[in-house]
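See below for the structure under consideration.
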Amino acid sequence: MRFGVRKNKDLAAIDGRRISLDGAMTVLSFVLLILIVVIPVFMIIYHAFFYEGHFSPELFTSQLLDPGNLASMWNTIQIAFWVTLFGTIMGVFYAWLLGRSDIPAKGLMRALFNIPYMFPPFLGAMAWDLLLNGRSGYLNRWLVETFHLSGAPFNINSLGGIVFVELSYYFPFVFMQVVSALERMDPTLEECARIAGAKQFTVIRKITLPLVLPAISAGALLILISSLAHFGVPSILGFSQGIYTLPTKIYATISRSGGSFEGIRQGAALSIMLVVVVAVALIIQKKVLSAGSYDIIKGKSMRPTLIKLRGARIPLFILAVTTLVLIVIVPLVMIFLVGLVKAYGLPLIPENFTLNNYIKVFESSGTFDSIKNSLFVSISAGVVCMFLGTLIAYVVQKIKPRGKGVLEVLSVLPYSIPGTVLAIGVILAWSGGLFGISLYNTIWIILVAYLARYLSFSMKSSSAALLQVHPSLEEAARTCGASHTESLKDITLPLIRPAMVSGFFLIFLPAMREVTTSVLLYGPYTRTLGVQIYSLRDAGMMPQAAALGSVAILLIIVCNTIVTQITKDRKGV
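Sequential numbering of the sequence shown, starting at 4, is according to this note's numbering.
Listed below in structure tokens is the structure:
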């Protein structure tokens, strides 16, 4: 009897330690999310509507009614609409072509169609600006001289040009989602439709597309949010023509004010307008997705029948190759060639090539500092988010406290907020006014913004892995006398380690090429690689900017290769 009482007391002690640890983890999760997410968002709202502690909506009203700001909002909506529409059509078309048809070289082309996702869109904008600038673009000048035209036939510095460049880099969001869904869907419905006499186009329109609508909608939402929040492409292609979007208008407003507090308050008011536009887009997407439910993946292994293209096989192959050349090869070649030219504007021939631009770039301490800063904040954000995201995922999926829904929403909220808006909130929260701690113009303020922006990547990755870990494994360890901490360390964490590593790299690569958030946060000695390239180009040093851009491309390729190899090895384990 005494043994049973003692055993019960031991179990109670273990449960007590578990409860205290669970409580500590839950409290820590809430506290960290309040610090890096809630407070910056609150500061934006507060400074947009309050001044010196008093409710003052005049600033927001004046910004809302300003004709220039309304024009910027309209430009933002137009660009996002057309990029989302054409990006979705393009992504779905090539997903079907490479996922369901017998087009040649499918494996190679599928890998190549993912390349635009790897590279910074602002580098693509810079390449197309060098090629099709209305005044000095290389292709425009060649066409004018060759065909004796009165003016440049193309002008990339326009709303249409911005749409084209963003489309080239965002359509893979839909492509990657849909091609995966198409390869896993149940083929019996399509086969039944064909047996009933339906033509191929009718099967695609009536059966295939409705079944993959959730994947299409998810990819389209990513395009929409990315386009609404994007800074690099509209700034490079639009500033010279006075074309502003809300993110570029926020940047211009703060820059004109010299980074003054009043300029930041105006930026906060404009941020509210941008958040409203994004919120409306999210509501619309939710309505579309909730219109029906779809069951396309069955438990048994299935392989949809490949469609024979017959006479259209070669023409469609040529179309796909042409698209790849246009969106992948041409911009990359342009960046590398201009990086070699002695002076911007000289013909792109071997006689005008030199390595001096690379020498000048690497002689500058700013280049090494920017690479070092990017590596520091990318690796740091990846590591911290990996552990913090896993902590929050564990609390949400395993501990399941009251308010776990709030915790989950807070962790994914920053990714739905445009990077420019998040940067404003971080400036207001961590510039000394609220906590007495000023991180402004330091590398730490960029790191804080990256933590908030990319936390959801790690959290989602770890959540998916934790759902596959059965509770009985931890319970068995605790029954054998292991503490809650030991069961976490020896059972749960080793099982989800591959997902944690994957979450790290999901953060590291985007952070390495990021410019939208950091362009408002960098100081004299804290430029990131993207900001350094942008600054060189903004100063008119085109060849040097292109040279550093080509270095960034090579760095991204190397990092992506390492990531692919590591994740492949992890999958093997």
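C-beta atoms are modelled at their ideal positions from N, C-alpha and C, and glycine is treated no differently.
Note that this is a predicted model, so its numbers are computed, not measured.
Element boundaries [alpha helix (DSSP H), containing residue i]
i    : result
E411 : 407-419
I219 : 216-232
F116 : 109-116
S145 : In the sequence as presented, Ser is not what sits at residue 145; that position holds Trp. 141-150 is the extent of the alpha helix (DSSP H) around W145.
M515 : 496-515
R481 : 474-482
L532 : 532-541
G526 : Run containing G526: none; DSSP gives neither H nor E here.
L319 : 316-327
R138 : Careful: R138 lies outside any alpha helix (DSSP H) and carries neither H nor E.
Q203 : 203-206
A199 : Premise fails: A199 is in no alpha helix (DSSP H) and is neither H nor E.
V236 : 235-241
Closest Cα partner of residue i within the set the options
i    : options                : result
V387 : V236, A467, G164, A455 : A455
F511 : Y397, A467, N376, L416 : N376
Y525 : E194, S505, W447, A467 : W447
L425 : Y397, A232, G406, L152 : A232
L343 : K403, Q547, P175       : Q547
I374 : A555, P501, W77        : A555
I207 : S104, A550, F507       : S104
G369 : R197, S161, Y537, S153 : Y537
S521 : L470, V429, V182, E194 : V429
G557 : S32, L335, I257        : The displayed chain sequence assigns Leu, not Gly, to residue 557. Ranking S32, L335, I257 by Cα distance to L557 puts L335 first.
P417 : Y457, L391, F390, G435 : Y457
F365 : L532, S475, E477, C483 : L532
I47  : L340, P353, F63        : F63
G235 : K202, V341, V166       : V166
I310 : L431, F204, I440       : F204
D132 : A346, R481, P237       : P237
K407 : M28, S461, L24         : M28
I499 : T564, F96, A396, I257  : A396
Q180 : L115, A467, G94, Q535  : G94
S219 : A282, T91, V324, I317  : Per the sequence shown, residue 219 should be read as Ile rather than Ser. For I219, the nearest C-alpha among the options comes from T91.
I39  : D493, H473, F438       : F438
E193 : E478, L214, S229       : L214
Residue i in three-state terms, based on DSSP
i    : result
V344 : strand
Y297 : With a pLDDT of only 49 at Y297, under 50, the local geometry of the prediction cannot be trusted, and no value is derived from it.
W99  : helix
I310 : strand
S441 : strand
S161 : coil
G302 : Residue placement at G302 is flagged as unreliable, the pLDDT there being 43, under the threshold of 50; the coordinate-derived value follows with that caveat. In this structure, G302 counts as coil in the three-state DSSP scheme.
S434 : strand
S373 : helix
R5   : Annotation note: pLDDT 46 at R5 (below 50); position unreliable, coordinate value reported separately. Correct three-state label for R5: helix.
S153 : coil
N563 : helix
S263 : coil
T91  : helix
L470 : coil
I39  : helix
L351 : coil
M188 : coil
T256 : helix
F122 : coil
K403 : coil
S367 : coil
I246 : coil
V280 : helix
M28  : helix
M544 : coil
L557 : helix
Beta-ladder partner(s) of residue i, from DSSP
i    : result
F53  : F58
F356 : V344
I449 : Note: I449 sits in no beta bridge, so no partner.
S104 : I310
Whole-Å CB distance - residue i paired with residue j, under 8 Å assumed
i    : j    : result
M337 : L134 : 5 Å
E169 : I82  : 7 Å
I253 : T423 : 5 Å
S502 : S465 : Per the sequence shown, the amino acid found at residue 502 is Ala instead of Ser. Yes, A502 and S465 are in contact; Cβ-Cβ is about 6 Å, under 8 Å.
R516 : I569 : Their Cβ separation, rounded to whole angstroms, is 19 Å, which puts R516 and I569 out of contact at 8 Å.
L312 : I106 : 6 Å
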